[in-house]
């Protein structure tokens, strides 16, 4: 158990002293970039899914 506590303690020390954290403005800008790309990616997946769904539906209507 002492090893686990030591690991957590060293992890917090690493995060506090050795990590370069972004400024609030940079974090907000990057959050917006991620949100925009997530929306674009979701719309692209929706489009491909819609096309494939139509193709599969047409195929099953054709083989009836």
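Residue numbers (this note's numbering): 1 to 64.
Even for Gly, the Cβ is constructed at its ideal location relative to N, Cα and C.
Small disclaimer: the values here were computed from a predicted structure and weren't measured.
Query: So, with DSSP's three-state summary, where would you put residue 24?; Result: helix
Query: Would residue 22 and residue 30 qualify as a contact pair, given that the criterion is a beta-carbon distance under 9 Å?; Result: yes
Query: Give me the Cα-Cα distance between residue 63 and residue 42, rounded to the nearest whole angstrom.; Result: 31 Å
Query: Please report how far the alpha carbon of residue 11 lies from the alpha carbon of residue 18, in whole angstroms.; Result: 10 Å
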